[in-house]
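These protein sequence lines map, in sequence, to chains A and B. So our numbering is basically just the index in the first sequence, starting at one, shifted up by 32. So our numbering is basically just the index in the second sequence, starting at one, shifted up by 32. Input: a single structure, listed below in structure tokens.
Protein chains: 2
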Amino acid sequence: MGRLQSFDRTSVVQAARDLFWDKGFDAASLADLEEATGLKRSSIYHAFGSKRGLFDAAVEDYQGTVIRPRLRILTGPGIGRVSLLAYFDDLRWAVSALPEDSPRRGCLLVNCAAGLAGRDDLARQVVDGYRSELTDTLQDALRAAAVAAGDSGPDRAPERARTLASLGMSAMLLARVNAAESLALLDTATVQIRYWFPGSA
Amino acid sequence: MGRLQSFDRTSVVQAARDLFWDKGFDAASLADLEEATGLKRSSIYHAFGSKRGLFDAAVEDYQGTVIRPRLRILTGPGIGRVSLLAYFDDLRWAVSALPEDSPRRGCLLVNCAAGLAGRDDLARQVVDGYRSELTDTLQDALRAAAVAAGDSGPDRAPERARTLASLGMSAMLLARVNAAESLALLDTATVQIRYWFPGSA
DNA sequence: TATATTGTGTACTGAGCGATACACAAAACC
DNA sequence: GGTTTTGTGTATCGCTCAGTACACAATATA
Numbered sequence: 033m034g035r036l037q038s039f040d041r042t043s044v045v046q047a048a049r050d051l052f053w054d055k056g057f058d059a060a061s062l063a064d065l066e067e068a069t070g071l072k073r074s075s076i077y078h079a080f081g082s083k084r085g086l087f088d089a090a091v092e093d094y095q096g097t098v099i100r101p102r103l104r105i106l107t108g109p110g111i112g113r114v115s116l117l118a119y120f121d122d123l124r125w126a127v128s129a130l131p132e133d134s135p136r137r138g139c140l141l142v143n144c145a146a147g148l149a150g151r152d153d154l155a156r157q158v159v160d161g162y163r164s165e166l167t168d169t170l171q172d173a174l175r176a177a178a179v180a181a182g183d184s185g186p187d188r189a190p191e192r193a194r195t196l197a198s199l200g201m202s203a204m205l206l207a208r209v210n211a212a213e214s215l216a217l218l219d220t221a222t223v224q225i226r227y228w229f230p231g232s233a
Numbered sequence: 033m034g035r036l037q038s039f040d041r042t043s044v045v046q047a048a049r050d051l052f053w054d055k056g057f058d059a060a061s062l063a064d065l066e067e068a069t070g071l072k073r074s075s076i077y078h079a080f081g082s083k084r085g086l087f088d089a090a091v092e093d094y095q096g097t098v099i100r101p102r103l104r105i106l107t108g109p110g111i112g113r114v115s116l117l118a119y120f121d122d123l124r125w126a127v128s129a130l131p132e133d134s135p136r137r138g139c140l141l142v143n144c145a146a147g148l149a150g151r152d153d154l155a156r157q158v159v160d161g162y163r164s165e166l167t168d169t170l171q172d173a174l175r176a177a178a179v180a181a182g183d184s185g186p187d188r189a190p191e192r193a194r195t196l197a198s199l200g201m202s203a204m205l206l207a208r209v210n211a212a213e214s215l216a217l218l219d220t221a222t223v224q225i226r227y228w229f230p231g232s233a
């Protein structure tokens, strides 16, 4: 054995994550990453191998700490109408709670879709995995809501799931361009859900 | 007077446009631009002032040759249900007609939203202008369709316009990640339109 | 044809990039 | 405590970037 790591890996990865979230992979320089993480580049390269290695770790953290907890709302208690509304409410909170210039505006993976994913197969797979997981989870919740509402008509869940996923992704896309319109898109999602599944609230 | 420009400005701008469309502002280098346009950098700087100047010219061309002609479908003959379906049909054609590795996949402005627009106010304004023009135009067509259908209920045009704009933008976002899913989103839009305004086709 | 004006080609600049070499520091094991 | 193993700091690498200096080419005007 030898010397031990003197930094907390998680907090370093999350500092890098926030920087990538803010500026994207290309625009985040190693100098920026040194400043954000407090590490010298030798330590970064020793621990993560490359800028890309650190980015991949940041994406993994993002999935674990941002994406999955959010998706869990959809599958959690009240799966169906309630969980769908809670999901978009959570998204709405995330967009409106952050200051206009917060580094965490929007979605790291959505930004990635328009950038890295255009020329990097791995990034493309990650983004598409997120998309399909979101759509599938929305679809399950929509089916549960339809069952609870006694809806016995044709299965509209696939197209409704695509519509809701689309509203969520667009809202993330617009979060850094026009926060008010981003919120309007999320409100549109809840309006749709209430329209499909009329209820008390 | 002096020597005359020996190149066709429009074709140069469009070559640059396609490169920016493909790689984005940052990833498109001046060496790439020289190769794509056939111009040496002295000529580029003489004619456009800077890389950004060429980019702005490219965006302007993009709006004039891609965005506006497409929006004109929505306001043109058959405004309402027909024009809405034609619009998404045109978008669908654009996504499916291009080869998997075409430089023109997706939308220059949508890519810009996740990249440049995050740190550049001018780019942000252009992107938001596009968004609002798209939404407004969709809303007009939706109102026309509602009138034609004799729909006298509450005005659902605003939320429907947001939903359709969202589907269009998401489809552009996903065009480079998963073309099949991009098409599925566009199909979802036409399904919605047909659902809102039942008709013969 | 002489001159003024403008476009083009070549060669280069300084700055910033990701990545690395290597000496040194520190902790676990014998 | 000496040795081995591993983390950290400094200094720098080679490269690419956007942008520029300047000579030369070409054409409209006088």
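The beta-carbon is built from N, C-alpha and C at its ideal position, and this holds for glycine as well. Please read these numbers as outputs of a predicted model, since none were measured by experiment.
I'd like to know if residue i contacts chain B, where contact means its C-beta is closer than 8 Å to some C-beta of that chain.
i: residue 177 of chain A; result: no
i: residue 216 of chain A; result: yes
i: residue 185 of chain A; result: no
i: residue 97 of chain A; result: no
i: residue 91 of chain A; result: no
i: residue 67 of chain A; result: no
i: residue 191 of chain A; result: yes
i: residue 63 of chain A; result: no
i: residue 205 of chain A; result: yes
i: residue 161 of chain A; result: no
i: residue 202 of chain A; result: yes
i: residue 58 of chain A; result: yes
Whole angstroms are fine: how far does the CA of residue j sit from the CA of residue i?
i: residue 70 of chain B; j: residue 136 of chain B; result: 19 Å
i: residue 219 of chain B; j: residue 124 of chain B; result: 8 Å
i: residue 99 of chain A; j: residue 93 of chain A; result: 9 Å
i: residue 221 of chain B; j: residue 187 of chain A; result: 17 Å
i: residue 63 of chain B; j: residue 79 of chain B; result: 16 Å
i: residue 55 of chain A; j: residue 231 of chain B; result: 47 Å
i: residue 127 of chain B; j: residue 143 of chain A; result: 20 Å
i: residue 134 of chain B; j: residue 211 of chain B; result: 12 Å
i: residue 104 of chain B; j: residue 164 of chain B; result: 15 Å
i: residue 115 of chain B; j: residue 202 of chain A; result: 23 Å
i: residue 117 of chain B; j: residue 225 of chain B; result: 7 Å
i: residue 43 of chain A; j: residue 82 of chain B; result: 40 Å
i: residue 32 of chain A; j: residue 87 of chain A; result: Chain A is shown only over 33 to 233; residue 32 of chain A falls outside these bounds and no answer can be derived.
i: residue 45 of chain B; j: residue 39 of chain B; result: 11 Å
i: residue 111 of chain A; j: residue 131 of chain A; result: 31 Å
i: residue 48 of chain A; j: residue 166 of chain A; result: 25 Å
i: residue 138 of chain B; j: residue 200 of chain B; result: 10 Å
i: residue 102 of chain A; j: residue 89 of chain B; result: 41 Å
i: residue 76 of chain B; j: residue 85 of chain B; result: 9 Å
i: residue 157 of chain A; j: residue 207 of chain B; result: 13 Å
i: residue 107 of chain A; j: residue 174 of chain A; result: 11 Å
i: residue 37 of chain B; j: residue 122 of chain A; result: 56 Å
i: residue 52 of chain B; j: residue 61 of chain B; result: 10 Å
Taking its Cβ as the centre, do 16 or more other Cβ atoms sit within 10 Å of residue i, making it buried, or is it exposed?
i: residue 120 of chain B; result: buried
i: residue 179 of chain B; result: exposed
i: residue 41 of chain A; result: exposed
i: residue 176 of chain A; result: buried
i: residue 35 of chain B; result: exposed
i: residue 154 of chain A; result: exposed
i: residue 21 of chain A; result: Residue 21 of chain A lies beyond the residue range present for chain A, which begins at 33 and ends at 233; the question has no answer from this structure.
i: residue 129 of chain B; result: exposed
i: residue 227 of chain A; result: exposed
i: residue 185 of chain B; result: exposed
i: residue 192 of chain A; result: buried
i: residue 214 of chain B; result: buried
i: residue 73 of chain B; result: exposed
i: residue 195 of chain A; result: buried
i: residue 198 of chain A; result: buried
i: residue 259 of chain B; result: The structure shown does not extend to residue 259 of chain B, since chain B is modelled only from 33 through 233, so no value can be given for it.
For the alpha helix (DSSP H) containing residue i, name the first residue and the last one.
i: residue 158 of chain A; result: 153-180
i: residue 97 of chain A; result: First-last for residue 97 of chain A: undefined, no H or E at that position.
i: residue 139 of chain A; result: No alpha helix (DSSP H) contains residue 139 of chain A, which DSSP labels as neither H nor E.
i: residue 45 of chain B; result: 41-59
i: residue 190 of chain B; result: 189-206
i: residue 214 of chain A; result: 211-228
Does any CB atom of chain A fall closer than 8 Å to the CB of residue i?
i: residue 142 of chain B; result: yes
i: residue 45 of chain B; result: no
i: residue 199 of chain B; result: yes
i: residue 128 of chain B; result: no
i: residue 13 of chain B; result: Because chain B spans 33 through 233 in this model, residue 13 of chain B falls outside it and cannot be assessed.
i: residue 147 of chain B; result: yes
i: residue 213 of chain B; result: yes
i: residue 220 of chain B; result: yes
i: residue 231 of chain B; result: no
Complete runs of the alpha helix (DSSP H) confined to the segment 54-134 of chain B [at least 4 residues]: Taking 4 residues as the minimum length, the alpha helix (DSSP H) runs contained wholly in the segment 54-134 of chain B are 62-69, 73-80, 83-94, 100-107 and 113-129, in order along the chain.
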